[in-house]
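Heads up, the sequence shown is in this note's numbering, so the first residue is 3 and it goes up one at a time. All C-beta atoms in this analysis are idealised placements derived from N, C-alpha and C, irrespective of residue type, glycine included. Only a predicted model underlies this, so the values are computations on that prediction, with no experimental measurement involved.
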Amino acid sequence: MSTDTAKPRSTGPVAAVERLVQNHGASLARVAMVAVFAFLWVPIAVLVFMSFAEGGVLSFPPKELTLRWYFVFLENDTAIDAIITTLQVSLPTTLITVVLSTLIAYAVDRYVFPGRGALQLLATLPIVVPLVVTGVALVLFFGLIRPLIVLNGYPAVVIAHVVRTIPFATLVIIPTFLTFDRQLEEASKDLGADELQTFRQVTLPNVFPGIIAGGLLAFTLSFNEFVFTYFVKDSATTTLPVYIWNQIRYNVTPEVNVISVVFLLVAVTLVLVAVSLTRVDLLARR
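Structure follows, in structure tokens:
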């Protein structure tokens, strides 16, 4: 007497999905990848395309293409001043952020001291706090210290941007210290170098790609920051995001798309420069 010990083939919707994934998993993954990239990049491509629209009304598709709005943007002194102001804020913000984030990452990785965990938590906590809440807190803070020191306009915007960018830069820089081979530092000290010389000649060159990546992220965030700027700025400090906001509130023209293309070009250029000058690609793979 023979018995059939083969496991019966499962049926039902779950089994059908399993068979579909097993037979067509690679094709489904490619379709999903194309869909995700299309979701991310098609709106950007439409925005770039609409920057060449002839009409003053943002209607798609445009009836005629032109470069007129690019020339309008280049002749717009207010927009150019906004770009200059943005750079005047973003550059010092990036420098301050990189220095503070590097010191925080170095202290958290190298030393054990009371409040070490609290320092790491405070450095990254602003990421999870809503932007509006932090913006209101900054306004209240600047108002509280006003009897001691007046921080309005440009200094307040720089401080607010540093608060915004430090958490992201710290999260990028800390892993470079954690994955760094500390035996190189020990060898340097064995050869007679002190701690400062070891940091400058051994540690810093090895973690430099992570520092550049953190600085790049800090600059990009500062360059695009709107909420914190809007809360703490004065009438004389108008960055490019604030200028765009003022434009779309009153008169929407394809010039807004041109400015958005400028944002895109700045971001892409920064990434290309960082990859060409450092080994950020190796850091990302690590």
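Span of the alpha helix (DSSP H) around residue i
i, result
"Arg-70", "70-76"
"Thr-95", "79-112"
"Asn-208", "206-226"
"Phe-230", "229-234"
"Thr-136", "133-146"
"Gly-119", "118-126"
"Arg-166", "156-180"
Straight-line gap, residue i to residue j (C-alpha atoms, nearest Å)
i, j, result
"Ala-269", "Asp-192", "43 Å"
"Ser-53", "Thr-255", "9 Å"
"Leu-272", "Asn-78", "24 Å"
"Arg-184", "Pro-63", "58 Å"
"Leu-266", "Pro-132", "25 Å"
"Thr-181", "Gln-203", "18 Å"
"Ala-215", "Val-260", "27 Å"
"Thr-241", "Ser-29", "45 Å"
"Ala-220", "Ala-37", "29 Å"
"Arg-70", "Glu-56", "7 Å"
"Ala-125", "Ile-106", "8 Å"
"Ser-103", "Thr-68", "45 Å"
"Ala-34", "Val-160", "41 Å"
"Lys-65", "Phe-39", "28 Å"
"Tyr-72", "Leu-89", "20 Å"
"Phe-143", "Asp-83", "28 Å"
"Ala-189", "His-163", "39 Å"
Cβ neighbour criterion (16 or more within 10 Å) applied to residue i
i, result
"Asn-248", "exposed"
"Thr-80", "exposed"
"Gly-145", "exposed"
"Tyr-245", "buried"
"Glu-227", "buried"
"Ser-4", "Confidence at Ser-4 is low in this model, with a pLDDT of 49, below 50, so the placement of that residue is unreliable and no value is reported for it."
"Pro-211", "buried"
"Arg-118", "exposed"
"Arg-32", "exposed"
"Ser-237", "exposed"
Under 9 Å between C-beta atoms of residue i and residue j
i, j, result
"Glu-257", "Val-101", "no"
"Val-91", "Ser-262", "no"
"Val-234", "Val-141", "yes"
"Tyr-232", "Gly-137", "yes"
"Ala-139", "Leu-121", "no"
"Pro-177", "Pro-128", "no"
"Thr-96", "Gly-194", "no"
"Val-264", "Ile-85", "yes"
"Thr-99", "Thr-167", "yes"
Collapsed DSSP secondary structure at residue i in the structure displayed
i, result
"Leu-67", "strand"
"Ala-55", "strand"
"Val-130", "coil"
"Thr-255", "coil"
"Leu-198", "helix"
"Ala-31", "helix"
"Ala-238", "coil"
"Asp-192", "helix"
"Leu-266", "helix"
"Phe-39", "helix"
"Leu-274", "helix"
"Leu-49", "helix"
Chain D contact for residue i (CB, 9 Å cutoff)
i, result
"Thr-178", "Any reference to chain D falls outside this structure, which holds one protein chain only."
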